[in-house]
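**Q** Okay, handing you the structure first.
In our numbering, the protein residues as written are 230 to 653.
The following block contains the structure:
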């Protein structure tokens with residue numbers, strides 16, 4: 230009986246010891262519990278939390294502002310440089326020195342062949358149809374004494390050259406087959422047609438012996454001086470009315486900035502495979518070099534300033550968390566006495582730091598975006614806010630929260646309950 234009772238006692242002790250082990254196992258805090266602990270100080274002391282997050286907010290806002298404002302400024306400069314045609318090439322047919330009677334011209338298929346070059350965005354051609362221009366049929370039409378060139382053109386020529394219509398409208402698919410013309414700025418002045426008043430009959434001019442209606446006048450075209458002193462007519466109208474053979478004399482090509490030199494190298498052989506030497510291709514504009522310098526100019530300095538601002542904000546958050554540990558030693562001791570282990574204390578303070586920095590990061594992102602929008606709008610710049618800067622700022626704020634909270638969290642977890650409760 231005694232042996233049986235001893236065995237029963239030993240089994241009971243083992244069961245009670247097993248239950249005791251289960252009772253003393255550490256309780257794991259759920260993520261929601263950690264977030265509630267991290268938001269406790271934010272809810273109970275909102276002013277202090279706002280001031281603590283202000284440092285990181287300034288850092289993130291500065292990071293976005295010093296990347297967004299230069300990006301907007303850069304885009305404004307690039308747009309201005311783009312009007313100078315840095316990506317525009319002009320390929321002109323060279324007259325045949327052996328046969329002066331043959332008009333200079335490129336193959337009929339040259340525009341389509343230029344469009345097949347990979348980096349090319351847009352192509353348009355013009356052709357000198359060698360017609361005379363007169364304001365009146367009383368003037369002798371045997372020679373073109375006005376000095377004005379008659380060019381056959383396509384509707385996309387206006388956008389490709391970045392030109393503007395001063396009065397009236399430009400050539401279109403609807404007018405391509407009809408006897409209508411658009412005057413360049415200088416040609417309009419020479420002909421004495423400087424405006425097209427609404428409600429009045431449009432003026433007409435004679436091309437060879439055919440009357441053409443003037444439907445538009447162009448503003449100055451710095452990228453194409455030859456167009457300024459020309460009369461533009463539709464491609465199909467030039468064929469059917471003036472006997473144009475369809476061979477362009479000049480082809481304008483726009484391509485990617487980074488590939489202008491490569492396009493120039495193959496453009497002559499592409500337009501005229503049989504006689505590439507009979508094609509003269511313009512050199513890239515000096516504006517291209519200026520555009521590339523501008524693209525590389527806005528970089529290291531501004532990112533360095535953003536990094537310094539972010540570092541200052543992180544130090545401020547770390548300082549706040551260290552002071553919070555010193556002020557809350559009794560709270561830490563009480564939590565430890567009630568069963569909180571070191572890992573839970575570390576998690577609490579680390580979560581508080583991350584929450585503060587996340588709030589600061591969101592505030593900073595909003596302030597930075599508003600700052601960029603306000604400044605760019607005041608300067609009449611295009612608003613450019615790099616998404617990478619916003620995402621990097623938010624990621625940086627969370628990273629700073631982790632780094633700034635590591636030391637205070639470890640320091641808080643190392644306090645023993647008696648040491649924490651005994652402190653003033």
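All C-beta atoms in this analysis are idealised placements derived from N, C-alpha and C, irrespective of residue type, glycine included.
Helix, strand or coil, according to DSSP, for residue 301 in the structure here?
**A** Correct three-state label for residue 301: helix.
**Q** Given a cut-off of 8 Å on the beta-carbon distance, is the pair residue 406 and residue 444 in contact?
**A** no
**Q** Given residue 387, which residues of its chain have a CB within under 6 Å of its CB, disregarding the five upstream and five downstream residues?
**A** 399
**Q** Determine the closest residue to residue 471 out of 282, 358, 303, 637, with distance taken between C-alpha atoms.
**A** Nearest Cα to residue 471 within the set 282, 358, 303, 637: 358.
**Q** Grab me the residues of residue 174's own chain with a C-beta within less than 6 Å of its C-beta, minus the 5 sequence neighbours each way, in chain order.
**A** Residue numbering for the chain in the displayed model covers 230 to 653; residue 174 lies beyond these limits and cannot be assessed.
**Q** Taking all protein chains shown into account, decide if residue 376 is buried (16 or more other Cβ within 10 angstroms of its Cβ) or exposed.
**A** Exposed, since its Cβ has fewer than 16 Cβ neighbours within 10 Å.
**Q** Distance, Cα to Cα, residue 447 vs residue 620?
**A** For residue 447 and residue 620, the gap between their C-alpha atoms comes out near 46 Å.
**Q** Below 8 Å on the Cβ atoms is my guess for residue 287 versus residue 630; work out the distance and round it to an integer in Å.
**A** With 8 Å as the limit, residue 287 and residue 630 do not qualify as a contact, their Cβ atoms being about 15 Å apart.
**Q** Look up residue 577 in the DSSP assignment and give the residues it is bridged to.
**A** Within the DSSP secondary-structure output, residue 577 pairs in no beta bridge.
**Q** Which full runs of the beta strand (DSSP E) of 3+ residues lie inside the stretch 343 to 423, going along the chain?
**A** For the stretch 343 to 423, whole beta strand (DSSP E) runs of length 3 or above, ordered along the chain, are 349 to 357, 378 to 382, 394 to 397, 409 to 412.
**Q** If I'm right that residue 436 touches residue 360 with Cβ under 8 Å, what's the distance once you round it to whole angstroms?
**A** 5 Å
**Q** Just the Cα atoms here: how many angstroms apart are residue 320 and residue 507?
**A** 10 Å
**Q** Looking only at C-alpha atoms, which of 452, 403, 382, 461 sits nearest to residue 417?
**A** 461
**Q** Tell me which same chain residues have a C-beta within less than 6 Å of the C-beta of residue 352, skipping the five on either side of it?
**A** 340, 343, 344, 482
**Q** Residue 479 bridges to which residues according to DSSP?
**A** 321, 355
**Q** Do the CB positions of residue 489 and residue 308 come within less than 8 Å of each other?
**A** no
**Q** Quick check: what's the CA-CA separation for residue 440 versus residue 434?
**A** The alpha-carbon separation between residue 440 and residue 434 amounts to approximately 6 Å.
**Q** Report the start-end ranges of each alpha helix (DSSP H) in the stretch 452 to 501 that is 4 residues or longer and not cut off at the edges.
**A** 454 to 457, 464 to 471, 489 to 500
**Q** What do you reckon, are the CB atoms on residue 655 and residue 627 nearer than 8 Å?
**A** Residue 655 is absent from the structure shown; the chain starts at 230 and stops at 653.
**Q** Whole angstroms is fine: what's the gap from residue 544's alpha carbon to residue 495's?
**A** 57 Å
**Q** Starting from residue 617, follow the alpha helix (DSSP H) in both directions and report where the run begins and ends.
**A** 616 to 642
**Q** Taking the alpha helix (DSSP H) that residue 559 falls in, what are its first and last residues?
**A** 558 to 566
**Q** Alpha carbon to alpha carbon, how far is residue 564 from residue 646?
**A** The alpha-carbon atoms of residue 564 and residue 646 are separated by roughly 8 Å.
**Q** Tell me where the beta strand (DSSP E) around residue 274 begins and ends.
**A** Taken as a continuous stretch (DSSP letters only), residue 274 belongs to no beta strand (DSSP E), as it is neither H nor E.
**Q** Output needed for residue 596: all residues of its chain with C-beta closer than 6 Å, excluding positions within five of it in sequence on either side, in chain order.
**A** 290
**Q** Applying the criterion that 16 or more other CB atoms from any shown protein chain within 10 Å of the CB defines a buried residue, is residue 235 buried or exposed?
**A** The predicted position of residue 235 is uncertain, since its pLDDT is 46 and thus under 50; a value taken from the coordinates is nonetheless stated next. Residue 235 should be labelled exposed.
**Q** Enumerate in chain order the residues of its own chain whose CB-to-CB distance from residue 297 is below 6 Å, with the five nearest sequence positions on each side excluded.
**A** 601, 614
**Q** Does the separation of the CB atoms of residue 459 and residue 337 fall below 8 Å?
**A** no
**Q** How close, in whole Å, do the beta carbons of residue 466 and residue 408 come, if the pair is a contact with beta carbons under 8 Å?
**A** 6 Å
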